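Below you'll find the structure, written out as structure tokens, and then a few comments.
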Amino acid sequence: PGVARPNQAATRAHPEGTTGDAYNREHSKESVLQQHCNFFDRDRDGVIWPTDTFRGFYQLGFGLFLSLLSTVIIHTFFAYPTQEWWQWIPDPLFRIHTERIHRDKHGSDSGSYDNYGGFVPQKFEDFFERYSSLPGKDGLTVLDTVKGIVGQRCVFDPIGWGGASFEWLATWILLWPADGIMKKEDVRGIYDGSIFWSVAKKRGVKF
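Okay, so the sequence shown: first residue is 1 according to UniProt numbering, each after it adds one.
Here it is, written out as structure tokens:
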């Protein structure tokens, strides 16, 4: 059960990944990391423009400033690695190509994505087992998350440290649990992107 899944964010509780609205079947030909990005690639052309990212964050309720800041951070650091190998000059439009999104995997993360963009259930479970302070290991407090970020740091990896910190901070802002506990199932929905659609629908922010 802990073996990497190319296109399913599978866990012990959800061995087939996200099944609601036939999500796992609809995205069966995409890696889990590509599924994570699909919310921002609405026309499904495999290219995420900065305007796509801004619109996505805005619809998720991040507001004008945080949406703009997130767009700048993401496209500054994650656009160039997704270019073709022979394209040495950075794209002046900072576009992200989802076909090669696996190249954006960085160190000092939870390890839940493998180097091909697949989902590694055992790494996901291990993160909660190791850092959750809850009896059932089914959620994370803010302190748990900070301990996880620090605990997963690799030596001489400032890009990875920054990337992990940004991603977990964005996750907290998105979910913002009233009880101060970020649920394991909600985090799983972040990995395969399924929760983005439900959050955007619930918040009903027009763009």
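Don't be surprised by glycine CBs; every beta carbon is placed ideally from N, CA and C.
Bear in mind that the values here come from a model prediction, so they are computed numbers and not experimental data.
Nonlocal neighbours in the same chain, by C-beta distance under 6 Å from residue i, ignoring five residues either side
i    : result
F54  : S67, T71
S28  : N7
D138 : K184
L175 : M182, D186
A9   : G17, V32, F119, R188, Y191, D192
N- and C-terminal bounds of the alpha helix (DSSP H) containing residue i
i    : result
T51  : 50 to 59
R203 : 194 to 203
K147 : 142 to 151
G189 : 184 to 191
W86  : Unbroken run through W86: none, as it is neither H nor E.
Environment of residue i [buried if 16+ CB atoms lie within 10 Å]
i           : result
S198        : exposed
residue 235 : Because residue 235 is not part of the residues shown, which for the chain are 1 to 207, the question remains open.
T82         : buried
S133        : exposed
Q59         : buried
R188        : buried
N24         : buried
R5          : buried
A79         : buried
Beta-carbon separation (whole angstroms), residue i vs residue j, contact threshold 8 Å
i   : j    : result
Q34 : I96  : Going by Cβ atoms, the distance from Q34 to I96 rounds to 11 Å, so no, they are not a contact pair.
T11 : F124 : 6 Å
G63 : T98  : Contact flag wrong, Cβ pair sits at about 25 Å.
Cβ-based neighbour list, residue i, same chain, cut-off 8 Å, excluding 5 preceding and 5 following
i    : result
G148 : S110, F127, R130, Y131, L140, W168
W172 : V142, T145, M182
N38  : H27, E30, R44, T98, G193
N115 : H102, K105
L41  : Looking at the sequence itself, residue 41 is Asp, so the reference to Leu does not match. So the qualifying residues of the chain are V47, I48, D52, T98.
Cβ shell of residue i (< 7 Å), same chain only, five flanking positions each side left out
i    : result
Q122 : G2
R153 : S108, W161
Residue i beta carbon near the ligand NAD (any heavy atom closer than 7 Å)
i   : result
L60 : The ligand NAD is not part of this structure, which contains no ligands at all.
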